Amino acid sequence: MIKEIFIEIPSWLGDAIMATPAIDNLIITYPDAQITLLGSFVSTQAFQGYPNIKKVIVDDTKKSGNRYKNLISLAKSIGKVDLAISFRRSISSKFMMFFIKAKKKFNYRRLTKKEIHLCIRYNDFVNKVLNLKNEVGDLKLYFKPFNYGKPTLGINPGATYGSAKRWYPEEFAKIAIEMSKKYDIVIFGGPSETNIAKDIENELVSNGITNYQNLAGKTTIPELIEKIAGLDLFITNDSGPMHIAAAYKVKTIAIFGPTKFTETNQWNNPNGEIVTKNLDCAPCMKRVCPLKHHNCMKNITAADVLNVIVKLEK
Numbered sequence: 001m002i003k004e005i006f007i008e009i010p011s012w013l014g015d016a017i018m019a020t021p022a023i024d025n026l027i028i029t030y031p032d033a034q035i036t037l038l039g040s041f042v043s044t045q046a047f048q049g050y051p052n053i054k055k056v057i058v059d060d061t062k063k064s065g066n067r068y069k070n071l072i073s074l075a076k077s078i079g080k081v082d083l084a085i086s087f088r089r090s091i092s093s094k095f096m097m098f099f100i101k102a103k104k105k106f107n108y109r110r111l112t113k114k115e116i117h118l119c120i121r122y123n124d125f126v127n128k129v130l131n132l133k134n135e136v137g138d139l140k141l142y143f144k145p146f147n148y149g150k151p152t153l154g155i156n157p158g159a160t161y162g163s164a165k166r167w168y169p170e171e172f173a174k175i176a177i178e179m180s181k182k183y184d185i186v187i188f189g190g191p192s193e194t195n196i197a198k199d200i201e202n203e204l205v206s207n208g209i210t211n212y213q214n215l216a217g218k219t220t221i222p223e224l225i226e227k228i229a230g231l232d233l234f235i236t237n238d239s240g241p242m243h244i245a246a247a248y249k250v251k252t253i254a255i256f257g258p259t260k261f262t263e264t265n266q267w268n269n270p271n272g273e274i275v276t277k278n279l280d281c282a283p284c285m286k287r288v289c290p291l292k293h294h295n296c297m298k299n300i301t302a303a304d305v306l307n308v309i310v311k312l313e314k
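Pasting the structure below:
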C-alpha cells in the first residue's frame, strides 16, 4: 500500500512544470498518498496549492558546509516512505536517493535516445518503473489567472539557460510597439534579466508608448504564474514562463534557436506556435553560440513574429 511518497522534482522551472503530467498521474494512481516534495526554491514555488503535497523541502544543501554530508542529513530527515522517485539525473541526486529509506526507490533515467518531448519522457519513466499505463495529460498548475481588465500582451525576453536562447530586445520592442495599439503590454523577466527588460522599456518610452508595465525582477514565482495565466497573448523565448503559458493554454508564440523544440516546446497547447529558422547548425544546445554569429536568433525578425500573431488572432 502506497501511503507516503517522496518526489524530487527538476531544478529548472520549465523542467519541473513538464514533470507535472507524470506527477499528476502519480496522484491519480495513489489518491490517498501523502507527498513530500524536494526541489529548488524556484521549482517548488510552482507547486503551491498542489493536491496531496503535505510537505515541501527546498534543497539548500549547496549553501554551506560539506554538500554530501548535507545530502545525507536531508535524506535521513525525510524518514521512511513507501515510494521515492527522483526526476533528476545528477550524481548528487543519486547520492541523496541512496540514503532515502523507501520500500521502492527509482532514479530518473532516459528510456530512449529518440527525440521525444520531455513530458513524455517523464511519464514513460514513471509508467516503466511502476508498471503503469497512464497517458500523458496536460501540464498542471494550481494558481488563479490574474484579471487584467483589458486585452494584454506579455513579452518574455529572458531565458535563464544562456544568451544563445535569447531573441533580441530590440525585436521584442518592435512587437510591443506595433501591438500596443490593441493590447496593454507587460514585460516579464527574472532578477538577472532586468537590464534586457529596461532596454525594451526605453524603446517603448522613446516611441511614446505609455500603456505598459515592466515587471522584470518584481514578481514572485506565484505572481509570475498568475500574471502569465491571465494574458491574451504571449511572446517568449524557450523558458520556464513559456511552459507556464502552456499550462493555461495562453495564445503563445515561442521563439526557438539553439534548443530542440521537439523535446521542450509547449506541451498540449493548441494555441501555441513556434518561430524558428531550422538552420543546419541548430539545435546546438549551447549556452552561447559556438560559431559567434547567433544566426538562429538573429535571422528571426519582428515581421516573422507579427505574421504568426495574425494567424493566432484569427
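Heads up: the sequence shown at position 64 corresponds to 64 in full-length UniProt numbering, and the numbers run straight through without jumps.
We treat Cβ as the ideally placed atom computed from N, Cα and C, and that holds for glycine.
Remember, predicted model here, so these are calculated numbers, not experimental data.
**Message:** Quick check: the Cα distance between residue 378 and Thr61, rounded to an integer number of angstroms?
**Reply:** Because the chain here runs from 1 to 314, residue 378 falls outside it and cannot be looked at.
**Prompt:** Mapping DSSP to helix, strand and coil, what is Ile212?
**Reply:** Checking the sequence shown, residue 212 turns out to be Tyr, not Ile. In the structure shown, Tyr212 sits in a strand (DSSP, three-state: E or B).
**Item:** Whole beta strand (DSSP E) elements within the region 130-201, 3-residue minimum
**Value:** 152-156, 184-187
**Request:** Give the straight-line distance between the Cα atoms of Met242 and Ser77, rounded to the nearest whole angstrom.
**Result:** 35 Å
**Prompt:** Skipping 5 residues on each side, what residues in its chain have a beta carbon closer than 7 Å to that of Lys277?
**Reply:** Cys296, Asn299, Ile300
**Prompt:** From Asn271 to Ile185, what distance separates their C-alpha atoms?
**Reply:** 19 Å
**Asked** Gln213: which of Asn207, Thr220, Ala197, Pro222 sits nearest, CA to CA?
**Response** Ala197
**Asked** What separation, rounded to the nearest whole angstrom, lies between the Cα atoms of Ile2 and Ile28?
**Response** 12 Å
**Prompt:** Just to confirm, are Ile200 and Pro145 a CB contact at a threshold of 8 Å?
**Reply:** no
**Request:** State whether the region 50-69 contacts the region 79-91, with contact taken as three or more CB pairs (one from each stretch) at a distance under 8 Å.
**Result:** no
**Asked** With which residues is Val58 paired in a DSSP beta bridge?
**Response** Gly39
**Message:** According to DSSP, simplified to helix, strand and coil, what is Val250?
**Reply:** coil
**Message:** Check this for me: beta carbons of Gly240 and Tyr142, under 8 Å apart or not?
**Reply:** no
**Item:** Buried versus exposed call for Asn123 [16 or more other C-beta atoms within 10 Å across all chains shown]
**Value:** buried
**Prompt:** With DSSP run on the structure shown, which of helix, strand or coil describes Phe234?
**Reply:** strand
**Item:** Nearest neighbour of Ile7, chosen from Pro222, Lys105, Ala46 [CA to CA]
**Value:** Lys105
**Request:** Select from Tyr248, Lys249, Ile253, Asp238 the residue whose C-alpha is nearest the C-alpha of Lys260.
**Result:** Asp238
**Request:** Decide if Pro258 is buried, meaning its Cβ has at least 16 other Cβ atoms within 10 Å, or exposed.
**Result:** buried
**Asked** Skipping 5 residues on each side, what residues in its chain have a beta carbon closer than 7 Å to that of Tyr108?
**Response** Ser86, Phe87, Arg88, Arg89, Phe125
**Request:** Identify, in the order they occur along the chain, each residue of the same chain with its Cβ nearer than 8 Å to the Cβ of Ile209, setting aside the five sequence neighbours on each side.
**Result:** Ala176, Ile177, Ser180, Ile185
**Request:** Pick helix, strand or coil for Asn107, following the three-state DSSP scheme.
**Result:** strand
**Message:** Taking only three categories from DSSP, how would you classify residue 321?
**Reply:** Because the chain is modelled from 1 through 314, residue 321 falls outside the range shown and cannot be assessed.
**Message:** Looking only at its chain, what residues have a beta carbon closer than 8 Å to the beta carbon of Gly190, apart from the 5 residues adjacent to it on each side?
**Reply:** Gly158, Thr160, Ala216, Gly217
**Request:** Taking all protein chains shown into account, decide if Pro151 is buried (16 or more other Cβ within 10 angstroms of its Cβ) or exposed.
**Result:** exposed
**Prompt:** When DSSP labels each residue in this structure, what does Phe6 get in the three-state scheme?
**Reply:** strand
**Message:** Tell me the DSSP secondary structure of Ala16 in three-state form.
**Reply:** helix
**Prompt:** In three-state terms, what does DSSP make of Ile53?
**Reply:** strand
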